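Participant:
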Amino acid sequence: MKTKLSVLGLDIGKKRIGVAGCDGTGLIATPITTFERTHFKNDINYLNDLINKRQVTMLVIGLPYTLDGTLGKQAQRIQSYAKKLETALKLPIEYVDERLTSIEAETLLKTKKGFSPRRDKAQIDAHAAAILLQQWLNQHRESFSQRL
Numbered sequence: 001m002k003t004k005l006s007v008l009g010l011d012i013g014k015k016r017i018g019v020a021g022c023d024g025t026g027l028i029a030t031p032i033t034t035f036e037r038t039h040f041k042n043d044i045n046y047l048n049d050l051i052n053k054r055q056v057t058m059l060v061i062g063l064p065y066t067l068d069g070t071l072g073k074q075a076q077r078i079q080s081y082a083k084k085l086e087t088a089l090k091l092p093i094e095y096v097d098e099r100l101t102s103i104e105a106e107t108l109l110k111t112k113k114g115f116s117p118r119r120d121k122a123q124i125d126a127h128a129a130a131i132l133l134q135q136w137l138n139q140h141r142e143s144f145s146q147r148l
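The opening residue of the sequence shown carries number 1 in UniProt numbering; numbering runs sequentially from there.
(1) Cα separation between Asp43 and Thr33?
(2) Tell me, to the nearest whole angstrom, how far the beta carbon of Leu91 is from that of Ile51; I am working on the premise that it is less than 8 Å.
(3) How many angstroms separate the CA atom of Leu132 from the CA atom of Val96?
(4) If you compare alpha carbons, which of Ile28, Gly21, Ala82 is closest to Lys53?
(5) Could you say which of His39, Phe40, Gly62 lies nearest to Val19 if we only look at CA atoms?
(6) Candidates Leu85, His140, Ala130: which alpha carbon is nearest Lys41's?
(7) Where in the UniProt domain "YqgF/RNase H-like" (5-105) do unbroken runs of the alpha helix (DSSP H), each at least 4 residues long, occur, reported from the N-terminal end onward?
(8) Tell whether a beta-carbon distance below 8 Å holds between Ala128 and Asp11.
(9) Classify Gln134 as buried or exposed, calling it buried when 16 or more other Cβ atoms lie within 10 Å of its own Cβ.
(10) Please determine, among Arg37, Gln76, Thr87, the residue with the shortest C-alpha to C-alpha distance to Thr66.
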């Protein structure tokens, strides 16, 4: 029996978390949703629902390295938050460099009619999560093909 791959990509910001998922083969990442951060317990409940529905086995979290490749304060905050997620959700996490994913997502979305960067920040976050998850999938593609 082939193993289905179910991973969530998270673009964690101060106000929102963009969420992306992948198809069962690990080929394609797609934006799922964005939700407002209110309280850690609410974040856990929301993510738990998604994890259960999608039978998620791992989280991939974007880490915003600085342009010189070091970890700044925001990256350290995300690592601290991610460790709490890992403990609460009982899922392994991996990090991926998310530098410029929001800019890439915004550029991609600007081609859509009616898109406004000011109004559609949630779309940017979900698409940034898909971009970072796709990067991770591409890096691990060979190991998936052996498992699937």
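Beta carbons are placed, not taken as given, at the ideal position from N, Cα and C, and that holds for glycine.
Keep in mind the model is a prediction, meaning the values are calculated, not measured.
Facilitator: Quick answer:
(1) On the sequence shown, position 43 is the one that residue 43 refers to. On the sequence shown, position 33 is the one that residue 33 refers to. Going from the Cα of Asp43 to the Cα of Thr33 covers about 13 Å.
(2) Within the sequence shown, numbered from 1, the residue matching residue 91 stands at position 91. Within the sequence shown, numbered from 1, the residue matching residue 51 stands at position 51. The C-beta distance from Leu91 to Ile51 rounds to 7 Å, short enough to meet the 8 Å contact threshold.
(3) The residue labelled residue 132 in the question sits at position 132 within the sequence shown. The residue labelled residue 96 in the question sits at position 96 within the sequence shown. Taken atom to atom, the span from the alpha-carbon of Leu132 to that of Val96 is near 7 Å.
(4) For the purposes of this step, residue 53 is taken as residue 53 along the sequence shown, with counting starting at 1. The residue from Ile28, Gly21, Ala82 with its alpha-carbon nearest to that of Lys53 is Gly21.
(5) By one-based count along the sequence shown, residue 19 stands at place 19. Val19 has its Cα closest to that of Gly62, out of His39, Phe40, Gly62.
(6) Within the sequence shown, residue 41 is the residue found at index 41, counting from 1. Closest option to Lys41, Cα to Cα, is Leu85.
(7) Those alpha helix (DSSP H) runs which fall completely within the UniProt domain "YqgF/RNase H-like" (5-105) and span 4+ residues are 40-54, 73-89.
(8) Reading the sequence shown from its first residue, position 128 is the one you call residue 128. Reading the sequence shown from its first residue, position 11 is the one you call residue 11. Yes.
(9) The sequence position of residue 134 within the sequence shown is 134, counting from 1. Gln134 should be labelled buried.
(10) The residue given as residue 66 occupies position 66 in the sequence shown. With respect to the C-alpha of Thr66, the residue from Arg37, Gln76, Thr87 having the closest C-alpha is Gln76.
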